[in-house]
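One structure below.
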Amino acid sequence: MTFNEDSRVKIPAILHLCRLGYTYIPKSKQDRLEDNNIFPDIFKRSISKINPDISEGEVQRLLTDVSLKLNYDDLGREFFRMLMNTSGTRLIDFENFNNNEFHVTTELTCKKGDEEFRPDITVLINGMPLVFIEVKKPNNREGVIAERNRINKRFALKDFRAFTNITQLMLFSNNMEYEDGVVEPVMGAYYATPSKDGVMFNYFREEELLNYTHLLKPENEELENLVLKDNNIVAIKYTDEFKLNKNYETPTNRIITSLLSRERLAFFLQFGITYVERTNREGKIVIEKHIMRYPQFFASRAITHKLDEGIKKGIIWHTQGSGKTALAYYNVKYLSQYYQKKNTIAKFYFIVDRIDLAIQAQTEFRSRGLSVKMVNSRTEFIQDIKKASAILNSSGEQEITVVNIQKFSDDSTVLESFDYDLNIQRIYFIDEAHRSYNPKGNYLVNLLRSDKDAVKIALTGTPLLKEVAKEYDSKVLFGEYIHKYYYNRSIADGYTLRLIREGIATTYKMQMQDVMEQIKILKGEISKSEIFAHPKFAEPMLEYILNDLKDFRKKDETIGGMVVCDTSEQAKELFAQFEKIYGKQEFDYAVVREERAKYGNQTPLKASLILHDVNSKDIRKQEIEAFKNGDIDLLFVYNMLLTGFDAPRLKKLYLARVVKNHNLLQTLTRVNRPYKKHRFGFVVDFADITKEFKETNENYFQELQQELGDEMQNYSNLFKSKEEIEHDVLEIKEKLFQYDIKNAENFRLQMDDIKDKKQLADLIKVLQNARELKNIIRLQGEDELLDLLDFYKLNQLLKEVQRRLDTLNLVDSINNENDNTNLINTALEDIFFQFTKISEEEMILADQLRNQLRQTREELQRNIDPADPEFVTLKEELERIFKNKNLDEVDQEDMRDNIHILSRIYDEVRELNRKNALLRAKYENDEKYARIHKRLVDNPTINAKEIQIYEALLGTKTIIDDICLHNVELVKNETYFNQEVMSIVIQNFIDQQKIKLDAQTTENINNLIVKEYKQQYTYN
């Protein structure tokens, strides 16, 4: 039987797409234009249908125009603009999306010259191949990374430009569940959009309860036969593996439903894709294509759900680095259409509280194609707010106004009425809604009063909590949470990195105290801030920073650092000391950048001072961009760039002061953006933030408890005789008993749950023994013994276990490689260094503890056998820990200990549940018999192999279930039911399996079975 990626993933995925409403095009009927794979007949028919007034000649000219634009060197931007056009001639009918034609085909060749590739599955809308899916079999070598590497090479080829430009969405899957915390996407189902510089894989985790009855058509046997015949794979039709892989809940089919069901596909095409212009190191404009991340998608949906309920304010709590500015951009498009359907014009404002953030927002919005209006004065804003038009620019592009909250004055109010009939809905996106929005200050009052009917959406990665602000919190000011996306999930999704805190040695601190005493002697009593800004303090501090940064950059010179200074004076002094070493820091942005000259083996460092009173806005903007592009290595800052500053290469943060409350988390997470293969961001703690971090973390833990439920409360409740071969077969069956050896796909799923490589190695040995036994049987010519086991199937299973072990080894090698690349030595050995680093530990945020609490509780609740001594022991251990420790303690050391304890118990319970699930599957998922089986195997008076006990119990179950199906009331007659079960037990255990039982043991077996049925009858 064929057992490969086609039979296991591709064909089931095609059939699933057909159930979602796509029409299958056989390979023999792929009538297409070879230059771009558009199906002209379907294209012309569809375009004529959705544009009733168009002539045949106009349709042909449109097809010619599309084909021309697909060869532009613009990553498909001009074609995309045509695709999104909703006025005039349309390529897609977005108003009535079902009015379009939807097709799916396989192995559609993309060929240009000598180069070609064939995506596994291609999805077409109106004859245009807009989506393709690449699949691999589970536990394939190198996972889905291999396919990503191949697609990156293809997209870099000019010959494939038209195919790259027409593709809007790509799915990659090896039909496995995600393995969280893996640096590279080895296993799982991902989505992406084309890129010239490397495709970015995105996780998708469904958050909504989908109505599959509504979404999926019934299975169609005639269609299934067509697909199987067209792919020459009809032999799999009635296999258990094929039936299992057709299930709508496989990872591949789930992501297909989530992204390619018609409503979802329409959303992502119309609102979830954008082109972004960036300036590279050579000063050239580079076009990137981005796609909406799944938390941004569900947040957007949540906004309109709230609006439908009449709620016009609320908070989006998305952790730092999750793309809140991009979320606002996507919603300018989405909410514009939402209100357009209500005959209302949407007018958008992005509210910030600092000039640098306004400039940054302007850059991000403009790079995505929005027309950005910057408000530079209160008078200008008053004029804007009183205008009754939404788009003020001459180009007619969608527009957003970026405004500092300080521009809101008493006069910033909308007119009560207009001289003409026009509905305007103002939408305020309030950025970083955890800072300067004091209800006792004028600015917030003026904002809230400027338009009482405005939609106010607050964006924050760290909500302002009452415990911090004392008199108010973000929810009081801006309403309840609309959508939440926490730090721990962002790490799992690969959007943010973990943080490592590096403590500074006591000797360093003592040296600093000595310096402070010398300064006092020379100058008398001065403030601590003056001391920190003094050259005698700044010089050794900078020496440590430079040595540390240079050491950190030895394996990756593209890494950058930032020093958060105690005061602006200290920042200036540190920068002055830097210029003494490296010379005056001047940059000529008018010339094309060249490779910097190297001295010895390292490039000399470049730095910049970013303060509000140093240099002009334009120069600061240029220097910030230079840092992002890698032309500046070190930034000295005070208050600027601590929030909203997104530079992935920033991986080292030097903290020279204690940043307070929510601002601390904002500052720390400047170094948590993914970059290359780095696994961590590093924080060098000069100021000792441990106390402040604990207090802040504690506040957010309590907020998580309120939002998601109190986990503490959740817890409280070579030659062999025939006989030897038969014995070996029995031994193999015994060792494989727990696993489904009939269905290879089920077996693979069971393997995916195993993370213990020794356990997998033991299984490989058993299956290799089976393979050797088959060869011995064939060698001896005793072919009748081949019927004792399905040796072909076992050889199939052997390959699956080996693939699973290869996958785990790959994950380990990736992580170990990155450990060696990114983790630096914790002790500096150069004797000329004045100070050394004494500690390096991960900074654990509160949601990580809460997530571990939840996972452990849920895993405990999944257990089907609470009387299992192993489970009882684990539960009692957890109870003892609860009595002796506060598991919700948020001190870093306590949190780390508690997470370790919970993680160990979770792993042990999960392993126990995995074994229970394997056993339950043996009894057709009847947990009653899984429990009975365990009790009998553990009974020392029963001298039998486990396979014998299983055969006896399964026979018993079949007879009793059949009796109960015909007369369920039988269970109520205790005496009669006891007698019936006893006769069945004797028949199956003693007569058929030849198990020797005394009278008491037989009675005990009988009682166990009767008790399980009575409990089920009574409580179910």
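The working numbering puts the first residue of the sequence shown at 425, with every later residue one more than the last.
Cβ coordinates follow ideal geometry from the N, Cα and C atoms, glycine included.
- When DSSP states are grouped into helix, strand and coil, residue 671 belongs to the coil group.
- In the DSSP annotation of this structure, the continuous segment of the alpha helix (DSSP H) that includes residue 975 starts and ends at 959-976.
- Contact between residue 610 and residue 1231 holds, with the beta-carbon distance rounding to 6 Å and staying under 8 Å.
- Rounded to the nearest whole angstrom, the C-alpha separation of residue 1052 and residue 828 is 24 Å.
- Between residue 1110 and residue 1062, the gap from beta carbon to beta carbon reaches 8 Å or more.
- Annotated three-state conformation of residue 989 is coil, per DSSP.
- The Cβ atoms of residue 623 and residue 616 sit closer than 8 Å to each other.
- If the five residues before and after residue 992 are omitted, its C-beta is found closer than 6 Å to the C-beta atoms of 1035 and 1062, all from its own chain and listed in chain order.
- Within the same chain, Cβ atoms closer than 7 Å to the Cβ of residue 1170 are found at 668 and 1164, the five residues on either side in sequence being excluded.
- Out of 1096, 1105, 1082 and 1095, the CA that lies nearest to the CA of residue 1117 is found in 1082.
- Of the candidates 1220, 455, 440 and 986, 440 places its Cα closest to the Cα of residue 676.
- Residue 911 sits buried, since 16 or more C-beta atoms from the chains shown fall within 10 Å of its C-beta.
- One thing to note: residue 736 has its Cβ no nearer than 8 Å to the Cβ of residue 742.
- By the 16-neighbour rule on beta-carbons within 10 angstroms, residue 1172 is buried.
- The closest CA to that of residue 1166, considering only 573, 1212 and 664, is found on 664.
- Inter-residue distance for residue 1088 and residue 885 is about 12 Å (C-alpha atoms, whole angstroms).
- For residue 686, same chain residues with a beta-carbon under 8 Å away, outside a window of 5 residues either side, are 444, 445, 521, 522 and 526 in chain order.
- Annotation: residue 1073 is outside any alpha helix (DSSP H) and is labelled neither H nor E by DSSP.
- By the Cβ criterion, the stretch 581-598 is not in contact with the stretch 630-644, since fewer than three pairs of Cβ atoms, one from each stretch, lie closer than 8 Å.
- Residues 1047, 1056 and 1059 of the same chain have their beta carbon placed closer than 6 Å to that of residue 1032, with the five preceding and five following residues left out of the count.
- Residue nearest to residue 988 within the set 566, 1113, 1041 and 1045 is 1113 (criterion: CA-CA distance).
- By the Cβ-count criterion, residue 918 is buried, with 16 or more other Cβ atoms from all chains shown falling within 10 Å of its own Cβ.
- Residue 688 counts as buried, since no fewer than 16 other beta carbons sit within 10 angstroms of its beta carbon.
- Scanning 435, 639, 1371 and 1357 for the CA closest to the CA of residue 656 turns up 435.
- Contact check for residue 1097 against residue 1070 passes: the beta carbons are separated by less than 8 Å.
- Residues 763, 768 and 770 of the same chain have their beta carbon placed closer than 6 Å to that of residue 849, with the five preceding and five following residues left out of the count.
- Counting along the chain, residue 629 sits inside no alpha helix (DSSP H), nor does DSSP assign it H or E at all.
- Assigned with DSSP and collapsed to three states, residue 1387 falls in helix.
- The C-beta of residue 1408 has 16 or more other C-beta atoms within 10 Å across all chains shown, which makes the residue buried.
- In its chain, beyond the 5 residues on either side, 515 have a beta carbon closer than 8 Å to the beta carbon of residue 509.
- Exposure of residue 1389 is indicated by the presence of fewer than 16 other C-beta atoms within 10 angstroms of its C-beta.
- Setting aside the 5 residues that flank it on each side, residue 1194 is surrounded in the same chain by 1156, 1213, 1215 and 1218, each with a C-beta closer than 7 Å to its C-beta; the list follows chain order.
- Residue 436: member of the alpha helix (DSSP H) spanning 435-443, first to last residue.
- The DSSP-derived three-state label of residue 1357 is helix.
- At a Cβ-Cβ threshold of 8 Å, residue 1229 and residue 1185 count as neighbours.
- A residue is called buried when at least 16 other Cβ atoms come within 10 angstroms of its Cβ; residue 1005 does not meet this threshold and is exposed.
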